[in-house]
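Colleague: First residue of the sequence shown? That's 31 in my numbering, and the numbers climb one at a time after it.
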Amino acid sequence: MDFEEIYSKYFKEVYLFIKSLSRDESIAEEITQEAFFKALKSIEKFDGSKDIKAWLFTIAKNTYFSHYKRKKMQIDLDVMEELSTGVQLITHLMNEEDAFAVHQFLHLMEEPYKEVFSLRTFGELPFEKIGRIFGKSAGWARVTFYRARKQIMVYMEEMNDEKD
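Right under this line is the structure:
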């Protein structure tokens, strides 16, 4: 059996298996494609000692868990960064003079940074909904928010340096 036949015969089963693990169609599709790519690269190492379907499922499962670990590490890093700069920003917003300066700067910011920052900070919307508003992904909303927040933090640091 050549690889095309293997792909045709087992793609749907591997996809459904990964979808049951991830509960997300796009992740399942991505992982399934990656798993078959890995299988293609190492097909010559397959010795036939176990069923080809079991071998594919093992590759897919390992690919999914590697993907999950990478995503979890990225989320953990994002949360830590958000906590540290978020605390600094909240401190600025609690101080009336600083809050006014943040709002002044926010008024001058370019879109979409201004709106994404406002929706997240003042509207308390999750990144998924912000992304939907703009017709983009939650990841886009998250990156845009972090960039806006970074601009504000740089501005506030410059303001504090001028005061000193």
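Don't be surprised by glycine CBs; every beta carbon is placed ideally from N, CA and C.
Where residue 43 and residue 62 are concerned, what is the direct C-alpha to C-alpha distance, given to the nearest angstrom?
Modeller: As a working note, residue 43 is residue 13 in the sequence shown. As a working note, residue 62 is residue 32 in the sequence shown. Rounded to the nearest whole angstrom, the CA to CA distance from residue 43 to residue 62 is 10 Å.
Colleague: Residue range of the alpha helix (DSSP H) that residue 162 falls in?
Modeller: As a working note, residue 162 is residue 132 in the sequence shown. 157-164 is the extent of the alpha helix (DSSP H) around residue 162.
Colleague: How is the alpha helix (DSSP H) around residue 61 delimited, first residue to last?
Modeller: Taking the sequence shown and counting its residues from 1, the one referred to as residue 61 is at position 31. Start and end: 55-71.
Colleague: Is the beta carbon of residue 179 sitting closer than 8 Å to the one on residue 147?
Modeller: The count along the sequence shown starts at 1 and reaches residue 179 at position 149. The count along the sequence shown starts at 1 and reaches residue 147 at position 117. Yes, they are a contact pair.
Colleague: Residues in the same chain with beta-carbon distance under 6 Å from residue 45, minus the five sequence neighbours each way, listed in chain order, please.
Modeller: Locating residue 45 in the sequence shown gives position 15, counting from the first residue. 58, 62, listed in sequence order.
Colleague: Give the range of the alpha helix (DSSP H) segment to which residue 80 is assigned.
Modeller: Here residue 80 refers to the residue found at position 50 of the sequence shown. Looking at the DSSP string, residue 80 is not in any alpha helix (DSSP H), and its letter there is neither H nor E.
Colleague: Under 8 Å, do residue 84 and residue 65 count as touching if we go by C-beta distance?
Modeller: The residue labelled residue 84 in the question sits at position 54 within the sequence shown. The residue labelled residue 65 in the question sits at position 35 within the sequence shown. Their beta carbons are not under 8 Å apart, which means residue 84 does not touch residue 65 by this criterion.
Colleague: Quick check: does the Cβ of residue 95 come within less than 7 Å of any heavy atom belonging to the ligand COA?
Modeller: As far as ligands go, the structure on display features none, and thus does not contain the ligand COA.
Colleague: How many Å lie between residue 166 and residue 77 at the Cα?
Modeller: Taking the first residue of the sequence shown as 1, we reach residue 166 at position 136. Taking the first residue of the sequence shown as 1, we reach residue 77 at position 47. In a straight line, the C-alpha of residue 166 is about 45 Å away from that of residue 77.
Colleague: Taking C-beta to C-beta, are residue 168 and residue 158 nearer than 8 Å?
Modeller: Indexing the sequence shown from 1 puts residue 168 at position 138. Indexing the sequence shown from 1 puts residue 158 at position 128. Note that the C-beta distance between residue 168 and residue 158 is below 8 Å.
Colleague: Cβ atoms of residue 150 and residue 160: under 8 Å apart, would you say?
Modeller: Along the sequence shown, read from residue 1 onward, the residue named residue 160 stands at position 130. Along the sequence shown, read from residue 1 onward, the residue named residue 150 stands at position 120. Cβ distance < 8 Å, so residue 160 and residue 150 count as in contact.
Colleague: Since residue 148 is in the alpha helix (DSSP H), which residue starts that stretch and which ends it?
Modeller: Translated into positions along the sequence shown, residue 148 becomes position 118. Per DSSP, the continuous alpha helix (DSSP H) segment holding residue 148 begins and ends at 143-151.
Colleague: Excluding the 5 residues preceding and the 5 following residue 114 in the sequence, name in chain order all residues of the same chain whose CB lies nearer than 7 Å to its CB.
Modeller: Along the sequence shown, read from residue 1 onward, the residue named residue 114 stands at position 84. Here residue 114 scores only 48 on pLDDT, less than 50, and its place in the model is too uncertain to base an answer on.
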